[in-house]
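Visitor: The structure follows.
In structure tokens form, the structure reads like this:
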């Protein structure tokens, strides 16, 4: 009776070994980033509808680089702001082996197959066309860290003092949150605890001047959703 058990065990070990070799083949040196991503994102391995499996709240680190600030109509309190929004998070399902020659994978053409934060902007006026953000970069690093960069253009409804308008200093604000996940599921954190927005070295302005800016953690009452 002992011999069949030995044969079954040997077959199981052989099966595991073959699976391991098959996975390592995905990351061998000659593979392109597209081939690696195609394998990582197979339906049997990855489901973009599911949050990255982390033990606690998923942290999305964000930073903003201002590109332009404009007030086309000097008699209005509406200002246009264009910026690059960078979001970073960790998805262990996207880790890949050191056997690959790539420090990161260019996943911009796989953006429809990867879980992305459903970041929503609140407390602003409107989006300027095109409404769909322009994707600049989507990179996946060896350890599963994802770096997502997009370009946005908002029209902000700012607050000013009518008594001294147009010589006042309007206050413009906008906020970000997840449209479908609660704060105990996803938390947005300013990258490196930055307390100000970064300005591009080639920042363009029109009838507008940036006097000061700061970033804060929004209170729950700022959410577009009522607190349950």
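Numbering (mature numbering (1 follows the signal peptide of the UniProt record, and there is no 0)), first residue to last: -22 to -1, 1 to 206.
By construction, the Cβ of each residue, glycine as well, lies at the ideal position given by its N, Cα and C atoms.
1) My guess is that residue 127 and residue 15 are in contact by the Cβ rule of under 8 angstroms, so how many angstroms apart are they, rounded?
2) Identify every residue that forms a DSSP beta bridge with residue 68.
3) Of the residues 13, 180, 29 and 17, which one's Cα is nearest the Cα of residue 96?
4) Taking the alpha-carbon positions, what's the residue 36 to residue 194 distance?
5) Buried or exposed, going by whether 16 or more other CB atoms sit within 10 Å of the CB of residue 114?
6) With distance defined between alpha-carbon atoms, name the residue in 75, 41, 90 and 9 nearest to residue 178.
7) Express the C-alpha separation of residue 169 and residue 73 in angstroms, rounding to a whole number.
8) Pull the bridge partners of residue 38 from the DSSP assignment, please.
9) Ordered along the chain, which non-local residues of its own chain (more than five positions away) have a Cβ less than 6 angstroms from that of residue 137?
10) Quick one: residues in its chain with C-beta nearer than 8 angstroms to the C-beta of residue 98, no 5 flanking neighbours on either side, listed in chain order?
11) Where residue 132 and residue 39 are concerned, what is the direct C-alpha to C-alpha distance, given to the nearest angstrom?
12) Assign residue 58 to one of two classes, buried (16 or more other C-beta atoms within 10 Å of its C-beta) or exposed (fewer than that).
13) Got a sec, what are the start and stop residues for the alpha helix (DSSP H) residue 185 sits in?
14) Rounded to the nearest angstrom, how far is the Cβ of residue 182 from that of residue 10, given a contact under 8 angstroms?
15) If we call anything under 7 angstroms between Cβ atoms a contact, is residue 92 one with residue 192?
16) Can you give the beta carbon distance from residue 49 to residue 162, rounded, assuming they're within the 8 angstroms contact cut?
17) Looking at C-alpha atoms only, which residue of 71, 54, 60 and 43 is the closest neighbour of residue 21?
18) Out of curiosity, what's the CA-to-CA distance linking residue 44 and residue 64?
19) Can you tell which of 60, 165 and 69 has its C-alpha closest to the C-alpha of residue 120?
20) Can you tell me the Cα-Cα spacing of residue 135 and residue 51, whole angstroms?
21) Between residue 129 and residue 152, what straight-line distance do the alpha-carbon atoms span, to the nearest angstrom?
22) Whose C-beta lies closer than 8 angstroms to the C-beta of residue 165 among residues of the same chain, with five residues either side of it excluded?
23) Round the Cβ separation of residue 19 and residue 88 to the nearest angstrom and send it over; I've been treating them as touching at under 8 angstroms.
Guide: Per the coordinate set shown:
1) Counted from its first residue, the chain shown places residue 127 at position 149. Counted from its first residue, the chain shown places residue 15 at position 37. About 17 angstroms separates the beta carbon of residue 127 from that of residue 15, a gap too long to meet the 8 angstroms contact definition.
2) Indexing the chain shown from 1 puts residue 68 at position 90. DSSP output for residue 68 lists 123 as bridge partner(s).
3) As a working note, residue 96 is residue 118 in the chain shown. Out of 13, 180, 29 and 17, the CA that lies nearest to the CA of residue 96 is found in 29.
4) Walking along the chain shown from the start, residue 36 turns up at place 58. Walking along the chain shown from the start, residue 194 turns up at place 216. Those two C-alpha atoms are separated by around 19 angstroms.
5) On the chain shown, position 136 is the one that residue 114 refers to. Exposed, since its Cβ has fewer than 16 Cβ neighbours within 10 Å.
6) As a first step, residue 178 is located in the chain shown; it is residue number 200 there, counting from the start. Answer by Cα proximity: 41.
7) By 1-based counting over the chain shown, the position of residue 73 is 95. By 1-based counting over the chain shown, the position of residue 169 is 191. The C-alpha of residue 73 lies about 22 angstroms from the C-alpha of residue 169.
8) What you label residue 38 is simply residue 60 of the chain shown in a count that begins at 1. According to DSSP, which records beta bridges pairwise, residue 38 is partnered with 166.
9) By one-based count along the chain shown, residue 137 stands at place 159. In chain order, 149 place their CB closer than 6 angstroms to the CB of residue 137, counting only its own chain and leaving out the 5 sequence neighbours on each side.
10) Taking the first residue of the chain shown as 1, we reach residue 98 at position 120. Listed in chain order, the non-local C-beta contacts of residue 98 below 8 angstroms within the same chain comprise 154, 155, 156, 157 and 202, local neighbours out to five positions each way being set aside.
11) In the chain shown, residue 132 corresponds to position 154, counting from 1. In the chain shown, residue 39 corresponds to position 61, counting from 1. If you take the alpha carbons of residue 132 and residue 39, they lie about 21 angstroms apart.
12) As a position in the chain shown, residue 58 is number 80, starting the count at 1. Buried is the call here.
13) Start at 1 with the first residue of the chain shown, and residue 185 comes out as number 207. No alpha helix (DSSP H) holds residue 185; DSSP gives it neither H nor E.
14) By one-based count along the chain shown, residue 182 stands at place 204. By one-based count along the chain shown, residue 10 stands at place 32. Distance from residue 182 to residue 10 at the Cβ level is roughly 38 angstroms; contact not present, criterion being Cβ atoms closer than 8 angstroms.
15) Mapped onto the chain shown, residue 92 falls at position 114. Mapped onto the chain shown, residue 192 falls at position 214. Going by C-beta atoms, residue 92 is not nearer than 7 angstroms to residue 192.
16) Stepping through the chain shown from its first residue, residue 49 is reached at position 71. Stepping through the chain shown from its first residue, residue 162 is reached at position 184. Not quite, the Cβ-Cβ distance comes to about 39 angstroms (not below 8 angstroms), so this is no contact.
17) For the purposes of this step, residue 21 is taken as the residue at position 43 of the chain shown. Scanning 71, 54, 60 and 43 for the CA closest to the CA of residue 21 turns up 71.
18) The count along the chain shown starts at 1 and reaches residue 44 at position 66. The count along the chain shown starts at 1 and reaches residue 64 at position 86. Cα-Cα distance, rounded: 11 angstroms.
19) Locating residue 120 in the chain shown gives position 142, where the first residue counts as 1. Residue 120 has its Cα closest to that of 69, out of 60, 165 and 69.
20) Start at 1 with the first residue of the chain shown, and residue 135 comes out as number 157. Start at 1 with the first residue of the chain shown, and residue 51 comes out as number 73. Near 12 angstroms, if we compare the C-alpha coordinates of residue 51 and residue 135.
21) Taking the first residue of the chain shown as 1, we reach residue 129 at position 151. Taking the first residue of the chain shown as 1, we reach residue 152 at position 174. Spanning the two alpha carbons is a distance of roughly 15 angstroms.
22) Numbered from its first residue, the chain shown carries residue 165 at position 187. Sequence-distant partners of residue 165 (beyond 5 residues in either direction) whose C-beta falls short of 8 angstroms from its own C-beta, in its chain, are 35, 36, 37 and 38.
23) Position 41 of the chain shown, counted from the start, is the residue given in the question as residue 19. Position 110 of the chain shown, counted from the start, is the residue given in the question as residue 88. With 8 angstroms as the limit, residue 19 and residue 88 qualify as a contact, their Cβ atoms being about 6 angstroms apart.
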